[in-house]
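Participant: This note's numbering puts the sequence shown at residues 331 to 567.
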Amino acid sequence: MTGGLAVRQVRKTKIYHEIVEQIKELITEGRIKPGDRLPPERELAELFKASRNSVRDAIRVLEQMGLIESRQGDGTYVRTLSADELTKPLALCLLQSRTQMRELWEVRRILEPALAESAAARIPDEELGELEVILDVQQRKVEAGFIALEEDAAFHYGIAEAARNGVMLRVMDTLVDLLRQSRERSLQQRDRPAFSHAGHVRILGALRRRDPAAARAEMLQHLREIEERVFTMDEEG
Numbered sequence: 331m332t333g334g335l336a337v338r339q340v341r342k343t344k345i346y347h348e349i350v351e352q353i354k355e356l357i358t359e360g361r362i363k364p365g366d367r368l369p370p371e372r373e374l375a376e377l378f379k380a381s382r383n384s385v386r387d388a389i390r391v392l393e394q395m396g397l398i399e400s401r402q403g404d405g406t407y408v409r410t411l412s413a414d415e416l417t418k419p420l421a422l423c424l425l426q427s428r429t430q431m432r433e434l435w436e437v438r439r440i441l442e443p444a445l446a447e448s449a450a451a452r453i454p455d456e457e458l459g460e461l462e463v464i465l466d467v468q469q470r471k472v473e474a475g476f477i478a479l480e481e482d483a484a485f486h487y488g489i490a491e492a493a494r495n496g497v498m499l500r501v502m503d504t505l506v507d508l509l510r511q512s513r514e515r516s517l518q519q520r521d522r523p524a525f526s527h528a529g530h531v532r533i534l535g536a537l538r539r540r541d542p543a544a545a546r547a548e549m550l551q552h553l554r555e556i557e558e559r560v561f562t563m564d565e566e567g
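So this is what it looks like as structure tokens:
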């Protein structure tokens, strides 16, 4: 495996940091892929022209970052990161930055009305029925005093699936994960769960009528209303 890996000879200072950065680059560029086994410590030391102690320190850092894992008696492997592992750190950063959170909502205002518009023209009766079931469960939970977090997310994701665009669905996957903490916080408002459900009912009505323009408009209105409440809550908090 080492024959095809072109690396730079490391400098004399902070050697293990440089090893970490180069291995990260190799993973990012796809020259080392998830599931690949890294060369043994001795070979890596020869490859980087570094000591085995430096290589050992680099491996430890990469393990702490979650990029690789050591399997006793078998070697060290590049990990396959789950969407949750990738988005949790970013979600934390977004929640700590009001500007970035507003930009994330801007992305939603661009993406989700377009998804609703496409879904209105493409959604089959079966998936309309599934959205109706989601809203029925959401209504019962709201009336019982629960926030219905799962149903809130499932409704928006169901519309994304109905749009039949694989690329936008992948983007929506990430948005759902990033917004989970924000959605949970905002749904704690006393009237927010019922308000959210009412918006969903309007959107579903446009989907039932197979009215793309109305579906786009209702989704945009819904997002703007919720966004206003989210940031008003933050200001008051």
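Note that CB positions come from ideal geometry on N, CA and C, so glycine has one too.
Between which residues of its own chain and Leu368 is the CB-CB distance below 6 Å, once the five residues before and five after are set aside?
Facilitator: On the sequence shown, position 38 is the one that residue 368 refers to. Contacts found: Thr406.
Participant: If you scan the stretch 386-415 from start to end, which runs of the beta strand (DSSP E) of 3 or more residues do you find wholly inside it?
Facilitator: Complete beta strand (DSSP E) runs here, min 3: 398-401, 405-408.
Participant: How should Gly463 be labelled, buried or exposed, when 16 other C-beta atoms within 10 angstroms of its C-beta is the threshold for buried?
Facilitator: By one-based count along the sequence shown, residue 463 stands at place 133. The sequence shown places Val at residue 463, not Gly. Classification for Val463: exposed.
Participant: My guess is that Gly496 and Glu460 are in contact by the Cβ rule of under 8 Å, so how many angstroms apart are they, rounded?
Facilitator: What you label residue 496 is simply residue 166 of the sequence shown in a count that begins at 1. What you label residue 460 is simply residue 130 of the sequence shown in a count that begins at 1. Not really, about 19 Å apart at Cβ, beyond 8 Å.
Participant: Any contact of the stretch 497-507 with the stretch 518-530, i.e. 3+ C-beta pairs under 8 Å?
Facilitator: Counting Cβ pairs under 8 Å, fewer than three are found: no touch.
Participant: Just grab the DSSP bridge partners of Arg538 for me.
Facilitator: Along the sequence shown, one-based indexing puts residue 538 at 208. In DSSP, Arg538 forms no bridge with anything.
Participant: Could you pull the start and end residues of the alpha helix (DSSP H) that Phe476 belongs to?
Facilitator: For this step, residue 476 is matched to residue 146 along the sequence shown. Looking at the DSSP string, Phe476 is not in any alpha helix (DSSP H), and its letter there is neither H nor E.
Participant: Under 8 Å between the Cβ atoms of Leu537 and Ile453?
Facilitator: In the sequence shown, residue 537 corresponds to position 207, counting from 1. In the sequence shown, residue 453 corresponds to position 123, counting from 1. Contact flag set, yes.
Participant: Tell me which residues share the same chain as Val467 and place their Cβ nearer than 7 Å to its Cβ, disregarding the 5 neighbours each side in the sequence.
Facilitator: The residue you call residue 467 lines up with position 137 of the sequence shown. Excluding sequence neighbours, Val467 sits near Glu481.
Participant: Just the Cα atoms here: how many angstroms apart are Leu356 and Leu434?
Facilitator: Counting from 1 along the sequence shown, the entry for residue 356 is found at position 26. Counting from 1 along the sequence shown, the entry for residue 434 is found at position 104. The straight-line gap from Cα to Cα measures roughly 30 Å.
Participant: In its own chain, which residues sit with a C-beta less than 6 Å from the C-beta of Arg401, not counting the 5 before and 5 after it?
Facilitator: Taking the first residue of the sequence shown as position 1, residue 401 is located at position 71. Correct list: empty, nothing qualifies.
Participant: Residues in its own chain within less than 8 Å of Ala543 by CB, not counting five upstream and five downstream?
Facilitator: Sequence index remark: in the sequence shown, residue 543 carries index 213 (1-based). If we look at Ala543 and ignore the five residues flanking it on each side, its Cβ neighbours are Glu447.
Participant: Please report the straight-line C-alpha distance between Met549 and Asp455, rounded to a whole angstrom.
Facilitator: For the purposes of this step, residue 549 is taken as residue 219 along the sequence shown, with counting starting at 1. For the purposes of this step, residue 455 is taken as residue 125 along the sequence shown, with counting starting at 1. Their backbone Cα atoms lie some 20 Å apart in a straight line.
Participant: Any idea which residues DSSP pairs Arg367 with across the strands?
Facilitator: Numbered from its first residue, the sequence shown carries residue 367 at position 37. Answer is Tyr407.
Participant: Quick check: the Cα distance between Arg571 and Ala375, rounded to an integer number of angstroms?
Facilitator: The shown model of the chain, from 331 to 567, leaves out residue 571, and the question about it has no answer.
Participant: Report buried or exposed for Ile440, applying the criterion of at least 16 other Cβ atoms within 10 angstroms of its Cβ.
Facilitator: Residue mapping note: residue 440 aligns to position 110 of the sequence shown, counting from 1. Exposed.
Participant: With 16 as the cutoff for other CB atoms within 10 Å, does Val437 come out buried or exposed?
Facilitator: Numbered from its first residue, the sequence shown carries residue 437 at position 107. By the neighbour-count rule (16 or more Cβ atoms within 10 Å), Val437 is not buried but exposed.
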